[in-house]
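Here's the structure, in structure tokens; my notes come after.
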Amino acid sequence: MKPDTIVALASGAGRAGVAVIRVSGPAAGAALRALTDRELPKPRHAARMAFCAPNGGVSLDDGIVLWFPAPASFTGEDVAELHVHGGQAVIAAIVEAVLSAPGVRIAEPGEFTRRAFENGKLDLAEAEGLADLVDAETEGQRRQALRQRRGALSALYDSWRERLIEAAALIEAEIDFPDEELPDALAARAGPLLTSLAADLGHHLNDAHRGERIRDGYRIAIIGPPNAGKSSLLNALAQREAAIVSEIPGTTRDVVEVRLVLAGFP
2 MKPDTIVALA SGAGRAGVAV IRVSGPAAGA ALRALTDREL PKPRHAARMA
52 FCAPNGGVSL DDGIVLWFPA PASFTGEDVA ELHVHGGQAV IAAIVEAVLS
102 APGVRIAEPG EFTRRAFENG KLDLAEAEGL ADLVDAETEG QRRQALRQRR
152 GALSALYDSW RERLIEAAAL IEAEIDFPDE ELPDALAARA GPLLTSLAAD
202 LGHHLNDAHR GERIRDGYRI AIIGPPNAGK SSLLNALAQR EAAIVSEIPG
252 TTRDVVEVRL VLAGFP
């Protein structure tokens, strides 16, 4: 059974100069032909096209089209990306026109990434890195998310798996073939492998806590008696007048929240 073809706004919501609408699935090519009344553009080359409502021919907008035939696409399916003007009316009209094609529906949240995972275009660690990259607000978050998106974490886990397989093979060979002419103390050779792996795992777990802090940040409360300088300290950290400073005790009665980035940590 062929999957549905899905469409959704791939860029950020809200008014913008340019919006990107992504269509993915077996009917993406047919939907693009109906929308442009032209043949599909050369794969992975930008082409300027006019967009019209199917059947009626009403002009909707003009913009840039990118065509990615399967499997060389983000999702591993046929994918069309429409770069259009970012007004809400334009986006709504083009999405509605694409939905008029048979077999096309609105994508569920995260469905493009889910299909990429299901089609082997990225693994779970890379998918998490992609989500973190989209949410990154600091330079540290960006660097960490990009490393994970590019497969650094996956490569590390793969190397651990290979070492476990090697250690298991050594142990099983000595158990299963005790009378064969095998090198002596095969199982003993697995010891250093497992010891080294355990050390690497411990180091990784310790480093993971730092990674969580870079990704999630800290929530810190400044508390103290009246007129202790809490508002002044907050303003100094924020480098702006986030809280009222006064000699009168109890001036700041409501909770004041400020988002900061200090030494790369949010």
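Just add 1 to the spot in the sequence shown (first one is 1) and you have my numbering. Glycine included, every Cβ here is placed at the ideal spot set by N, Cα and C.
From what residue to what residue does the beta strand (DSSP E) around residue i run?
i, result
"E258", "Premise fails: E258 is in no beta strand (DSSP E) and is neither H nor E."
"A17", "A17 to S25"
What's the gap between the Cα of residue i and the Cα of residue j?
i, j, result
"A222", "E140", "24 Å"
"A48", "G212", "41 Å"
"Q142", "V262", "11 Å"
"I172", "A81", "51 Å"
"F178", "A189", "15 Å"
"E1", "A98", "Here the chain covers residues 2 to 267 and nothing more, so residue 1 does not appear."
"A237", "A170", "60 Å"
"L165", "L198", "8 Å"
"A146", "G218", "14 Å"
"Q240", "G225", "21 Å"
"L134", "P227", "41 Å"
"A200", "L157", "14 Å"
"G88", "G15", "8 Å"
"A90", "R34", "21 Å"
"G152", "A94", "38 Å"
"G203", "A186", "27 Å"
"N120", "A191", "35 Å"
"G230", "E138", "29 Å"
"P44", "M50", "14 Å"
"E242", "D159", "50 Å"
"D38", "L123", "34 Å"
"L154", "R162", "13 Å"
"P4", "P42", "23 Å"
"F118", "G13", "22 Å"
"A73", "D136", "26 Å"
"R144", "R216", "10 Å"
"L100", "D208", "46 Å"
"P193", "A71", "45 Å"
"H210", "A32", "46 Å"
Looking at the secondary structure, which residues open and close the alpha helix (DSSP H) in which residue i lies?
i, result
"E167", "A153 to D177"
"S197", "L187 to D217"
"A128", "L125 to D136"
"A11", "A11 -> no alpha helix (DSSP H), and no H or E assigned at all."
"L147", "E140 to R150"
"G30", "A29 to T37"
Taking Cβ positions, are residue i and residue j nearer each other than 8 Å?
i, j, result
"L235", "V259", "yes"
"R116", "E78", "yes"
"I92", "I22", "yes"
"L36", "P55", "yes"
"F1", "V85", "Nothing can be reported for residue 1, as the shown portion of the chain is limited to 2 through 267."
"L206", "A168", "no"
"I245", "S232", "yes"
"L10", "A17", "no"
"L131", "R150", "yes"
"F69", "F113", "no"
"G64", "L83", "yes"
"R220", "F266", "no"
Check the Cβ-Cβ distances between residue i and every residue of chain D, and say whether any is below 8 Å.
i, result
"V99", "Of the chains in the structure shown, none is chain D; there is only one protein chain."
Give the list of continuous alpha helix (DSSP H) stretches no shorter than 4 residues that lie fully inside the segment 226-250. 231-239
May I ask you to verify whether the segment 10-29 touches the segment 54-61, counting CB pairs closer than 8 Å and requiring at least 3? no
Check whether the segment 99-106 and the segment 126-135 are in contact - that is, three or more C-beta pairs closer than 8 Å. no
Contact between the segment 89-104 and the segment 28-39 is defined here as three or more beta-carbon pairs at a separation below 8 Å; is this criterion met? yes
Whole runs of the alpha helix (DSSP H) within the segment 53-116, excluding any shorter than 4 residues: 89-100
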